[in-house]
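Participant: If you're matching them up, the sequences are chains Z and D in order.
Numbering follows this note's numbering, with no gaps: position 192 of the first sequence is 193.
Numbering follows this note's numbering, with no gaps: position 170 of the second sequence is 184.
A virtual CB, placed ideally from N, CA and C, is assigned to each residue, including glycine.
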Amino acid sequence: MTASSAAAVRPRTGEALDPDAAISIRGLVKRYGDFVAVDGLDLDIRRGEIFALLGPNGAGKTTTVEICEGYRTQDAGAVHVLGENPSDGGRRWKAQLGIVLQSGAGDSQLTCRELLQAQASYYPDPRDPDEVLGLVGLTEKAKSRAKTLSGGQRRRLDVALGIVGRPTLLFLDEPTTGFDPEARRQFWSLIRSLRDLGTTMLLTTHYLDEAEALADRVGVIARGRLVEVAVPSALGGRETAPAVVSWHEDGARRSEATSFPTAFVRELAGRFQGEIPELSVARPTLEDVYLQMIGERS
Amino acid sequence: MTTTTRTGVVLPSLATVYRTRASVELKEFFRQRESVVFTLAFPVILLVVFGAVLDYDIGGGVTFTQYFMAGIIAAGILGASLQNMAISIATERSDGTLKGLVGTPMPKSAYFVGKIVQVLAVTVLIIAILLAVGVFAYGIDLPSGSDWFTFLWVATLGSASCTLLGIAVSSLAKNGRSASAMVTPIALVLQFISGVFFQFSQVPVWMQTIASFFPLKWMAQGLRSVFLPDFLAAEEPAGSWELGRVAIVLALWCVAGLLLCVATFRWQDRSAG
């Protein structure tokens with residue numbers, strides 16, 4: 002529990018906002034009519050980390066992110082993003098953010114390069130548009146009009162528009178929807194290189210493998226509350242959960258759940274005098290613990 | 015709590031961002047075939063057809079084409095401002111363009127500056143094309159002397175009021191298509207009852223009264239004073255061009271349009287909360 006216990010320290014409603022955090026949220030509440038979308042959420046996101054927010058549709062992910070981005074105002078609670086209240090954030094504050102919305106940008110008659118050049122001109126210290134096109138793998142589409150791009154290319158353009166302003170904090174709301182597996186891998190390496198440059202990222206995603214591959218910490222949100230915050234490998238206590246050892250013996254598949262898989266495998270190896278037929282040792286996947294978590298709440 | 019604000023950061027100047035937005039808006043308009051055909055080519059086609067078909071004398075040796083010149087320019091301004099703004103802004107609101115822009119450090123004024131430059135460019139272009147076709151194909155008499163000044167202020171006030179109205183109307187529509195479905199028939203009806211396609215004096219009085227509530231009638235009337243000889247002012251409902259009233263009504267619509275814009279403008283789709 003050593004890695005996870007530090008990560009699992011969570012702020013509580015009523016505690017002061019963390020002035021050193023990139024994003025600090027206390028007791029956040031947002032209602033739409035009778036529906037409570039966010040119900041007392043507390044969270045600190047550290048500078049430089051990639052934080053993934055997981056949760057089913059309607060759990061409050063996008064509402065939380067859009068409050069941090071300044072698009073919506075909360076009904077209760079306090080939020081500081083880069084030290085400012087998002088609803089008071091001016092141009093200087095916005096210049097430090099990069100936002101990739103779930104809905105993406107609209108149809109445009111402009112080319113990819115023209116759109117990035119226009120976007121870059123709003124920021125004090127932008128990246129070179131052509132360099133950004135290269136980062137998202139759209140160099141060949143530089144002179145293509147945005148409206149002629151495929152779904153996955155459009156999404157990469159959205160990401161390009163989000164990072165061209167050289168943000169210190171990047172919001173990514175389901176950024177890889179519509180990506181093929183190769184494009185997703187390329188996107189992951191882009192995100193890692195941005196992290197190496199010190200960019201803080203708040204990512205929402207439906208893809209658990211994405212959260213596991215990218216995030217320093219994940220938060221699971223269900224019914225407007227954070228159910229758990231942990232490093233991906235420790236979510237739901239899965240690093241200490243019983244492992245399932247399975248193998249082939251006497252013409253049948255056999256399996257055993259054990260908290261001491263190493264000892265058990267050593268014992269099996271002694272019994273078989275060498276290779277254990279079709280051996281596998283599996284911990285609960287992130288998906289297993291995730292589904293269990295959101296299942297308990299619904 | 016401003017420890018993280020980089021106070022040394024120099025934001026781009028307003029002029030830089032305004033230039034960017036103007037360039038973006040011009041490209042968006044002129045690269046879209048539908049908007050170019052609908053807004054620019056359609057009035058020209060109407061002028062060509064009406065000029066060829068309805069070439070009768072409306073009195074005193076003045077052709078209907080000379081009369082129609084004023085009306086089609088007014089309709090062209092309406093298309094370049096009200097219809098263009100209502101449809102393009104409704105589209106940009108529903109497809110997330112506006113939401114994306116307001117998340118950047120772009121000053122909000124820059125968006126409207128870009129739109130105004132677009133309307134201005136399209137309006138000047140359409141007036142130039144209509145005048146050129148009128149003069150070279152149909153021998154239209156160009157305005158002279160102080161008529162050019164009247165032309166300038168009527169077109170400017172008319173364009174400003176219709177631009178503001180178009181921005182306000184965009185908030186009523188769910189998307190570009192519904193904005194088009196809403197605003198196109200209204201524009202067409204207004205054109206019929208405001209003295210664009212027929213002489214205003216031939217329009218039934220109750221329809222004239224309805225038309226008087228909207229800017230198009232006053233724009234067309236002001237432009238008739240520019241293109242028609244003064245003896246035809248006797249044909250107008252008031253027996254004169256009423257230029258003072260034209261200015262007042264259009265100015266009032268500017269104020270009303272501006273108030274409506276301020277009250278109704280949204281950067282996000284309503285359905286998005």
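What are the residues that DSSP puts in a beta bridge with Z:Phe-36?
Facilitator: BP columns for Z:Phe-36 point to Z:Tyr-33.
Participant: In the DSSP output, what is Z:Met-202 paired with across the bridge?
Facilitator: DSSP output for Z:Met-202 lists Z:Ile-51 and Z:Leu-171 as bridge partner(s).
Participant: Quick check: the Cα distance between Z:Lys-62 and D:Arg-284, rounded to an integer number of angstroms?
Facilitator: Going from the Cα of Z:Lys-62 to the Cα of D:Arg-284 covers about 19 Å.
Participant: In three-state terms, what does DSSP make of Z:Leu-1?
Facilitator: Lying outside 2 to 299, the shown extent of chain Z, residue 1 of chain Z is not represented and no answer is given.
Participant: Could you confirm whether any beta carbon from chain D is found closer than 8 Å to the beta carbon of Z:Lys-144?
Facilitator: Closer than 8 Å: no.
Participant: For Z:Phe-188, which residues in the same chain have their Cβ closer than 6 Å to its Cβ, ignoring the five residues on either side in sequence?
Facilitator: The answer, listed in chain order, is Thr-177.
Participant: If you check the beta carbons only, do Z:Ile-100 and Z:Glu-141 fall under 8 Å apart?
Facilitator: It is not a contact, given that the beta carbons lie outside the stated cut-off.
Participant: Could you have a look at Z:Val-221 and say whether DSSP puts it in helix, strand or coil?
Facilitator: Strand, per DSSP.
Participant: Does the beta carbon of D:Thr-118 sit closer than 8 Å to a beta carbon anywhere in chain Z?
Facilitator: Yes - at least one Cβ of chain Z is within 8 Å of the one on D:Thr-118.
Participant: To the nearest angstrom, how far is the alpha carbon of Z:Trp-94 from that of D:Gly-180?
Facilitator: Cα to Cα, Z:Trp-94 sits roughly 32 Å from D:Gly-180.
Participant: Taking only three categories from DSSP, how would you classify D:Trp-255?
Facilitator: DSSP places D:Trp-255 in coil when its eight states are reduced to three.
Participant: Less than 8 Å separating the beta-carbons of Z:Arg-47 and Z:Gly-78?
Facilitator: Not a contact, by the Cβ cut-off of 8 Å.
Participant: Listing by chain order, which chain Z residues have their CB less than 9 Å from the CB of D:Leu-25?
Facilitator: Simply Arg-92, Arg-93, Ala-96, Tyr-123, Tyr-124 and Pro-125.
Participant: Going along chain D, which residues have a C-beta under 8 Å from Z:Asp-19?
Facilitator: Near Z:Asp-19 there are no residues of chain D at all, since even the closest Cβ is about 11 Å away, more than 8 Å.
Participant: Tell me whether the beta-carbon of D:Met-99 lies closer than 8 Å to the beta-carbon of D:Gly-172.
Facilitator: Not in contact: D:Met-99 and D:Gly-172 (Cβ atoms no closer than 8 Å).
Participant: Return no unless some Cβ of chain Z is closer than 8 Å to the Cβ of D:Arg-280.
Facilitator: Answer no: the Cβ-Cβ gap between D:Arg-280 and chain Z never drops below 8 Å.
Participant: Output needed in chain order: residues of the segment 49–66 of chain Z with a Cβ under 7 Å from some Cβ in chain D.
Facilitator: Listed by position, the residues of the segment 49–66 of chain Z near chain D (Cβ gap below 7 Å) amount to none.
Participant: Return yes when the Cβ of D:Glu-249 is within less than 8 Å of the Cβ of D:Gln-235, no when it is not.
Facilitator: No. Outside cutoff.
Participant: So, helix, strand or coil for Z:Thr-241, using DSSP?
Facilitator: Three-state result, Z:Thr-241: coil.
Participant: Looking at C-beta atoms only, is the number of pairs between the segment 184–202 of chain D and the segment 94–109 of chain D that lie closer than 8 Å three or more?
Facilitator: Taking 8 Å as the limit for Cβ pairs, the verdict is that the segment 94–109 of chain D does touch the segment 184–202 of chain D.
Participant: When you compare only the Cα positions, how much space is there between D:Ala-174 and D:Gly-271?
Facilitator: Roughly 9 Å separates the two Cα atoms.
Participant: Taking CB distances under 8 Å as the criterion, tell me whether Z:Met-2 reaches chain D.
Facilitator: Because Z:Met-2 carries a pLDDT of 39, less than 50, the predicted location of this residue cannot be relied on, and no value is offered for it.
Participant: Would you mind reading off the limits of the beta strand (DSSP E) that contains D:Ala-55?
Facilitator: Run containing D:Ala-55: none; DSSP gives neither H nor E here.
Participant: Count the other CB atoms within 10 Å of the CB of D:Glu-42; is the residue buried (16 or more) or exposed (fewer)?
Facilitator: Answer is buried; the Cβ neighbour count reaches 16.
Participant: Whose Cβ in chain D lies nearer than 8 Å to the Cβ of Z:Arg-102?
Facilitator: Sequence inspection shows Leu at residue 102 of chain Z; the Arg mentioned does not correspond to that position. Chain D residues near Z:Leu-102: Gly-110, Lys-113, Gly-114 and Gly-117.
Participant: Any beta-carbon of chain Z closer than 8 Å to the one on D:Lys-295?
Facilitator: With chain D covering 15 to 287 only, the question about residue 295 of chain D has no answer from this structure.
Participant: What is the DSSP secondary structure of D:Ile-154, reduced to helix, strand or coil?
Facilitator: Note: D:Ile-154 maps to coil in three-state DSSP.
Participant: 8 Å is my cut-off, CB to CB: does Z:Asp-108 come that close to chain D?
Facilitator: It does: the Cβ of Z:Asp-108 has a partner Cβ on chain D nearer than 8 Å.
Participant: Please name the residue, chosen from Z:Ala-60, Z:Ile-51, Z:Ala-53 and Z:Ala-22, that lies closest to Z:Val-37 on a Cα-to-Cα basis.
Facilitator: Per the Cα distances, Z:Ala-60.
Participant: Sorted by chain position, which residues of the same chain lie with C-beta nearer than 8 Å to D:Phe-126's C-beta, five sequence neighbours on each side aside?
Facilitator: Closer than 8 Å at the Cβ level, and outside the excluded window around D:Phe-126, lie Ile-181.
Participant: Of all the CB atoms in chain Z, is at least one closer than 8 Å to the CB of D:Gly-287?
Facilitator: Low confidence applies here, because D:Gly-287 scores a pLDDT of 40, under 50, leaving its location unreliable and the question unanswered by this model.
Participant: Roughly how many whole angstroms lie between the Cα atoms of Z:Val-80 and Z:Asn-86?
Facilitator: If you take the alpha carbons of Z:Val-80 and Z:Asn-86, they lie about 6 Å apart.
Participant: So which residues of chain D does Z:Gly-166 contact, with C-beta pairs closer than 9 Å?
Facilitator: Ordered by position in chain D, the residues that pass the 9 Å Cβ test against Z:Gly-166 are Thr-118 and Pro-119.
Participant: Are Z:Gly-225 and Z:Met-294 closer than 8 Å when you measure CB to CB?
Facilitator: No, Cβ-Cβ distance for Z:Gly-225 and Z:Met-294 is not below 8 Å.
Participant: Which residue from Z:Leu-136, Z:Arg-156 and Z:Arg-254 puts its Cα closest to that of Z:Ile-192?
Facilitator: Closest option to Z:Ile-192, Cα to Cα, is Z:Leu-136.
Participant: Is Z:Gln-97 near Z:Thr-169, with beta carbons less than 8 Å apart?
Facilitator: Contact flag set, yes.
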